[in-house]
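J.: I'd like to ask some things about the structure below.
There are 2 protein chains.
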Amino acid sequence: MSKHTIQDVARRARVGVGTVSRVLNNHPSVRKSTRDKVLAAIEDLGYAPNPHARRIAGGRSYTVSVMLPMVSVEFYVRLVNAIEECLDENRFDMAIFPLLGRARIERYLNSNRIAYQADGIIMCTYDLGKLFPDGALPTEHPVVLVDNESDHYDSVFLDNYYGGYLVGEYAGRLGLPAYSMTLEDDPEGVFVSQVFVDRKRGFDDGIASSNVRFVRDYPCGLHHQGGVQAAQQLLDEAVFPCTVFAAADVLAGSLMEEAGRRGLVVGRDIKVIGFDDQPWSQDMKLTTVHQPIEVMGRRAAEMLLERLSGYEGPPRKARFTPHLVERDSTLGEVLPAKYVAIAER
Amino acid sequence: MSKHTIQDVARRARVGVGTVSRVLNNHPSVRKSTRDKVLAAIEDLGYAPNPHARRIAGGRSYTVSVMLPMVSVEFYVRLVNAIEECLDENRFDMAIFPLLGRARIERYLNSNRIAYQADGIIMCTYDLGKLFPDGALPTEHPVVLVDNESDHYDSVFLDNYYGGYLVGEYAGRLGLPAYSMTLEDDPEGVFVSQVFVDRKRGFDDGIASSNVRFVRDYPCGLHHQGGVQAAQQLLDEAVFPCTVFAAADVLAGSLMEEAGRRGLVVGRDIKVIGFDDQPWSQDMKLTTVHQPIEVMGRRAAEMLLERLSGYEGPPRKARFTPHLVERDSTLGEVLPAKYVAIAER
DNA sequence: CTGTTAGCGCGTTCAT
DNA sequence: ATGAACGCGCTAACAG
Chain B
1 MSKHTIQDVA RRARVGVGTV SRVLNNHPSV RKSTRDKVLA AIEDLGYAPN
51 PHARRIAGGR SYTVSVMLPM VSVEFYVRLV NAIEECLDEN RFDMAIFPLL
101 GRARIERYLN SNRIAYQADG IIMCTYDLGK LFPDGALPTE HPVVLVDNES
151 DHYDSVFLDN YYGGYLVGEY AGRLGLPAYS MTLEDDPEGV FVSQVFVDRK
201 RGFDDGIASS NVRFVRDYPC GLHHQGGVQA AQQLLDEAVF PCTVFAAADV
251 LAGSLMEEAG RRGLVVGRDI KVIGFDDQPW SQDMKLTTVH QPIEVMGRRA
301 AEMLLERLSG YEGPPRKARF TPHLVERDST LGEVLPAKYV AIAER
Chain E
1 MSKHTIQDVA RRARVGVGTV SRVLNNHPSV RKSTRDKVLA AIEDLGYAPN
51 PHARRIAGGR SYTVSVMLPM VSVEFYVRLV NAIEECLDEN RFDMAIFPLL
101 GRARIERYLN SNRIAYQADG IIMCTYDLGK LFPDGALPTE HPVVLVDNES
151 DHYDSVFLDN YYGGYLVGEY AGRLGLPAYS MTLEDDPEGV FVSQVFVDRK
201 RGFDDGIASS NVRFVRDYPC GLHHQGGVQA AQQLLDEAVF PCTVFAAADV
251 LAGSLMEEAG RRGLVVGRDI KVIGFDDQPW SQDMKLTTVH QPIEVMGRRA
301 AEMLLERLSG YEGPPRKARF TPHLVERDST LGEVLPAKYV AIAER
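One line per chain: the protein sequences are B and E, in this order. With my numbering, the residue at position 137 of the first sequence is 137, and numbering never jumps. With my numbering, the residue at position 68 of the second sequence is 68, and numbering never jumps.
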């Protein structure tokens, strides 16, 4: 926090505080020469306006809160970076509020929380209807939802059903017995993401029109270890060759690793299809559903900034359409069953 | 954000704003009867003071920032929960700022960031000397360091060297060839935690006084997958029976899992010692070094609150001493080498 | 003990 | 185009 005030800047630039304020807020009616004087003074002093004072006086602090389940999951890291980049370009600051678990979520039901003192909020993934009374956040400020569809707020989300459908269709064409790995139920019941339900529903529908037999689903935790455990059980029970839809790339990665450990050849003995198209999926040659995370994050930030600039229209939905990226993990030639049986052991 | 102001409360309670302010700030000289009147009015109106206004007027917003590398690592989740609990009891709010990576850290070199507008900061793990100019955060507010020792700020940390030493001594008594798994260097060079260096140094020194042979160290990423990879290489190369010091419980978990997969008996063929004593370590019967994470988090919050209450003494160090918890993972009877060689295959 | 008043730093009039 | 004055919601100092 700079120790200077707008007064100091005004004195140094030999102008009134009003003029400095205008420069600060990009007000058009300032002569170029005086604007430059002011900017120079600001630069010299290393001055930065006090966001709290701005909030008090002008009703805005140029800060937005981002609420999400947790970070350090690849999806959120990418999303947050994209959001922050966009906000940064518009001279907005960002604070992250990881909700982590039920206890913290309940704290955030209280509108006094600092999180709600921002100019606006971006809420990720959580189903507001299940967490907050009336399905609304306790705030008058604009809210944008990401990774979750809504009729009450602007929302940015992927058509996860369609993504799953693409995979189902594709699995149908592969013609092999099919399995799936999806997200298990959250014991705390807070992180019930519609996302994975939709992907699975789409997959089921996509495969239904083929004559492929869907054997069963293996629910697992959304991390490497969870994927490995489910993969072990799956590989113990599965018949080969087969197709497996892993509803997140991280799970597909676990599965491919575990399959390799057992001497199975991915693409031939087991066809693996992921979801996300994370950067490393290309290296792993994983067939997967592409989702434009950065674009979605940026769009969410833009929508919020539009609201903050006074846009008053009805809630908007930014639905993104995924597409399938075909890679080696589904491209190997399938061998006669007998040979596979040997390779399997 | 409540739409009421301190004026509304004053009117409703038929007192002056000064009195309301005194009640809000626990000022002693308020008659009990009027205090109750005011509290009733506050209750009726659902009033909550505006933190920005408090900051402007009184210089404090009752908010602290917590900066850390990332959450959703068990250590930080537990730490953050403990910190928030203590702050909550003192009517302070908390905002978390995950630094995530180099790009975000550099943004946070700028003192204008909202993170620095809090009354105080708790900084976790990062070595300030390497990240910030002069080894100081760009703020005049009080700072407390956690998981990192410092001469400039109050700091709360574990004696990691001693913890490692305990393990080294213990491994010496076990009398078996010893290996270790520690944190690999961070490619971005930002998350170079002294913590793991200290644990390893202590381990080396602790084992040095015995006649046990230390074979080699396996560096790995601080997550399950990283542990599995290192464990595979270690188990490929190791001689059994042996002792392995995993410098974090999560790595020990990976190792035990991988060892089990290979038919090795933990505690007999391979003695595993972890570090952290995470809640699940007891279930896994992992011998490990206990670290009181919640106590440390609470202590950090307390130290910061003391500074915010005006304490002005020199930087204090709250060093915590770990202890070894012995469980089954090191307790099996070692068999003759020949038998082990068979079991190994 | 309590009411009144002067700022805190800034945005926003309203004249000029 | 620009300076001066007012007010945002609150705390703190000053009277009583």
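Cβ coordinates follow ideal geometry from the N, Cα and C atoms, glycine included.
(1) Rounded to the nearest angstrom, what separates histidine 152 (chain E) and arginine 216 (chain E) at their Cα positions?
(2) Going along the chain, which residues of the stretch 49-67 of chain E sit with their C-beta nearer than 8 Å to a C-beta in chain B?
(3) For valine 167 (chain E), which option in E:Met181, E:Cys86, E:Thr19 and E:Leu99 has the closest C-alpha, if you only look at C-alpha atoms?
(4) Can you tell which of E:Pro49, E:Pro51, E:Gly18 and E:Phe275 has its C-alpha closest to the C-alpha of arginine 35 (chain E)?
(5) Would you give the residue range spanned by the alpha helix (DSSP H) that proline 279 (chain E) belongs to?
(6) Using the beta-carbon count (16 or more within 10 Å), is lysine 200 (chain E) buried or exposed?
(7) Compare the C-beta of isoleucine 83 (chain E) with all C-beta atoms of chain B and state if any pair is closer than 8 Å.
(8) On the criterion of 16 or more Cβ atoms from any shown chain inside 10 Å, does proline 314 (chain B) qualify as buried, or is it exposed?
(9) Could I get the ranges of all uninterrupted alpha helix (DSSP H) runs contained in the stretch 222-267 of chain B, with 4 residues as the minimum, in chain order?
(10) Helix, strand or coil: which one does DSSP assign to methionine 123 (chain B)?
(11) Does any CB atom of chain E fall closer than 8 Å to the CB of arginine 113 (chain B)?
(12) Using the rule of at least 16 other Cβ atoms within 10 Å of the residue's Cβ for burial, across every protein chain shown, is lysine 32 (chain E) buried or exposed?
(13) Is the distance from the Cβ of valine 73 (chain E) to the Cβ of methionine 94 (chain E) below 8 Å?
(14) If we count the other Cβ atoms within 10 Å of its Cβ and call it buried at 16 or more, is tyrosine 162 (chain E) buried or exposed?
(15) Interface residues of chain B around phenylalanine 97 (chain E) at Cβ under 8 Å?
(16) Does the beta carbon of glutamine 233 (chain E) sit closer than 8 Å to a beta carbon anywhere in chain B?
(17) Considering just the uninterrupted stretch of the beta strand (DSSP E) at isoleucine 114 (chain B), what are its terminal residues?
(18) Would you mind giving the Cβ-Cβ distance between lysine 271 (chain E) and arginine 327 (chain E), rounded to the nearest angstrom? I have them listed as a contact below 8 Å.
(19) Along chain E, which residues have their Cβ under 9 Å away from the Cβ of histidine 4 (chain B)?
(20) Taking 8 Å as the CB-CB limit, is leucine 24 (chain E) close to chain B?
(21) Expressed to the nearest angstrom, what Euclidean distance is found between the alpha-carbon atoms of histidine 27 (chain B) and proline 49 (chain B)?
(22) Which chain E residues sit within Cβ distance under 7 Å of leucine 79 (chain B)?
(23) Compare the C-beta of leucine 100 (chain B) with all C-beta atoms of chain E and state if any pair is closer than 8 Å.
(24) With burial defined as no fewer than 16 other Cβ atoms inside 10 Å of the residue's Cβ, what is the status of glycine 274 (chain B): buried or exposed?
(25) Tell me the rounded alpha-carbon separation between phenylalanine 214 (chain B) and aspartate 205 (chain B).
(26) Measure the beta-carbon distance from phenylalanine 245 (chain E) to phenylalanine 196 (chain E) and round it to whole angstroms, keeping in mind my assumption that it falls under 8 Å.
(27) Could you tell me the distance, in whole angstroms, from the CA atom of glutamate 149 (chain E) to the CA atom of aspartate 277 (chain E)?
(28) In this structure, does DSSP put valine 167 (chain E) in helix, strand or coil?
(29) Is valine 156 (chain E) near glycine 120 (chain E), with beta carbons less than 8 Å apart?
(30) Based on Cα-Cα distance, which residue from B:Ala178, B:Phe240 and B:Val239 lies nearest to serine 210 (chain B)?
(31) Cα separation between arginine 345 (chain B) and glycine 226 (chain B)?
(32) By how many angstroms is the C-alpha of glutamate 294 (chain E) removed from the C-alpha of lysine 79 (chain E)?
(33) Could you work out which residues of chain E lie near glutamine 225 (chain B), taking near to mean beta carbons separated by less than 7 Å?
T.: So, from the data block:
(1) By one-based count along the second sequence, residue 152 (chain E) stands at place 152. By one-based count along the second sequence, residue 216 (chain E) stands at place 216. A straight line joining the alpha-carbon of histidine 152 (chain E) with that of arginine 216 (chain E) spans about 36 Å.
(2) Asn50, Pro51, His52, Ala53, Arg55, Ile56, Ser61 and Thr63
(3) As a working note, residue 167 (chain E) is residue 167 in the second sequence. With distances taken between Cα atoms, valine 167 (chain E) lies closest to E:Met181.
(4) Within the second sequence, residue 35 (chain E) is the residue found at index 35, counting from 1. Nearest C-alpha to arginine 35 (chain E): E:Gly18.
(5) Against the second sequence, residue 279 (chain E) aligns to sequence position 279. Per DSSP, proline 279 (chain E) belongs to the alpha helix (DSSP H) from 279-283.
(6) Along the second sequence, one-based indexing puts residue 200 (chain E) at 200. So lysine 200 (chain E) ends up on the buried side.
(7) One-based indexing of the second sequence puts residue 83 (chain E) at position 83. So, not an interface residue.
(8) Stepping through the first sequence from its first residue, residue 314 (chain B) is reached at position 314. Its Cβ having fewer than 16 others within 10 Å, proline 314 (chain B) is exposed.
(9) 224-237 and 249-261
(10) Position 123 of the first sequence, counted from the start, is the residue given in the question as residue 123 (chain B). Strand, per DSSP.
(11) Counted from its first residue, the first sequence places residue 113 (chain B) at position 113. With 8 Å as the cut-off, arginine 113 (chain B) counts as an interface residue toward chain E.
(12) The residue labelled residue 32 (chain E) in the question sits at position 32 within the second sequence. Exposed, because fewer than 16 other Cβ atoms sit within 10 Å of the Cβ of lysine 32 (chain E).
(13) As a first step, residue 73 (chain E) must be located in the second sequence, where it is residue number 73. As a first step, residue 94 (chain E) must be located in the second sequence, where it is residue number 94. Contact: no.
(14) Position 162 of the second sequence, counted from the first residue, corresponds to residue 162 (chain E). Under this definition tyrosine 162 (chain E) is a buried residue.
(15) To locate residue 97 (chain E), count along the second sequence from 1; it is residue 97. Simply Ala95 and Ile96.
(16) The residue you call residue 233 (chain E) lines up with position 233 of the second sequence. For glutamine 233 (chain E), the answer is no, since every Cβ of chain B falls outside 8 Å of its Cβ.
(17) Reading the first sequence from its first residue, position 114 is the one you call residue 114 (chain B). Careful: isoleucine 114 (chain B) lies outside any beta strand (DSSP E) and carries neither H nor E.
(18) Working through the second sequence from its first residue, we reach residue 271 (chain E) at position 271. Working through the second sequence from its first residue, we reach residue 327 (chain E) at position 327. About 11 Å; that fails the 8 Å criterion.
(19) By 1-based counting over the first sequence, the position of residue 4 (chain B) is 4. The contacting residues do not exist; histidine 4 (chain B) stays about 12 Å from chain E at best.
(20) Counting from one through the second sequence, the residue named residue 24 (chain E) turns up at place 24. Judged by the 8 Å Cβ criterion, leucine 24 (chain E) is not in contact with chain B.
(21) Numbered from 1 along the first sequence, position 27 holds the residue referred to as residue 27 (chain B). Numbered from 1 along the first sequence, position 49 holds the residue referred to as residue 49 (chain B). Distance between the alpha carbons of histidine 27 (chain B) and proline 49 (chain B): 16 Å.
(22) Locating residue 79 (chain B) in the first sequence gives position 79, counting from the first residue. Near leucine 79 (chain B) there are no residues of chain E at all, since even the closest Cβ is about 12 Å away, more than 7 Å.
(23) As a first step, residue 100 (chain B) must be located in the first sequence, where it is residue number 100. Closer than 8 Å: yes.
(24) Translated into positions along the first sequence, residue 274 (chain B) becomes position 274. Looking at its Cβ environment, which holds 16 or more other Cβ atoms inside 10 Å, glycine 274 (chain B) is buried.
(25) In the first sequence, counting from the first residue as 1, residue 214 (chain B) sits at position 214. In the first sequence, counting from the first residue as 1, residue 205 (chain B) sits at position 205. It is roughly 11 Å from the alpha-carbon of phenylalanine 214 (chain B) to the alpha-carbon of aspartate 205 (chain B).
(26) In the second sequence, counting from the first residue as 1, residue 245 (chain E) sits at position 245. In the second sequence, counting from the first residue as 1, residue 196 (chain E) sits at position 196. The C-beta distance from phenylalanine 245 (chain E) to phenylalanine 196 (chain E) rounds to 11 Å, too long to meet the 8 Å contact threshold.
(27) If you number the second sequence from 1, residue 149 (chain E) lands on position 149. If you number the second sequence from 1, residue 277 (chain E) lands on position 277. Straight-line Cα distance between these residues: approximately 21 Å.
(28) Along the second sequence, one-based indexing puts residue 167 (chain E) at 167. Correct three-state label for valine 167 (chain E): helix.
(29) Counted from its first residue, the second sequence places residue 156 (chain E) at position 156. Counted from its first residue, the second sequence places residue 120 (chain E) at position 120. No, these two residues do not count as a Cβ contact at 8 Å.
(30) As a first step, residue 210 (chain B) is located in the first sequence; it is residue number 210 there, counting from the start. When each option's Cα is compared against that of serine 210 (chain B), the closest is B:Ala178.
(31) Taking the first sequence and counting its residues from 1, the one referred to as residue 345 (chain B) is at position 345. Taking the first sequence and counting its residues from 1, the one referred to as residue 226 (chain B) is at position 226. Here arginine 345 (chain B) scores only 36 on pLDDT, less than 50, and its place in the model is too uncertain to base an answer on.
(32) Against the second sequence, residue 79 (chain E) aligns to sequence position 79. Against the second sequence, residue 294 (chain E) aligns to sequence position 294. Per the sequence shown, the amino acid found at residue 79 (chain E) is leucine instead of lysine. Their backbone Cα atoms lie some 6 Å apart in a straight line.
(33) Start at 1 with the first residue of the first sequence, and residue 225 (chain B) comes out as number 225. What glutamine 225 (chain B) touches in chain E: His224.
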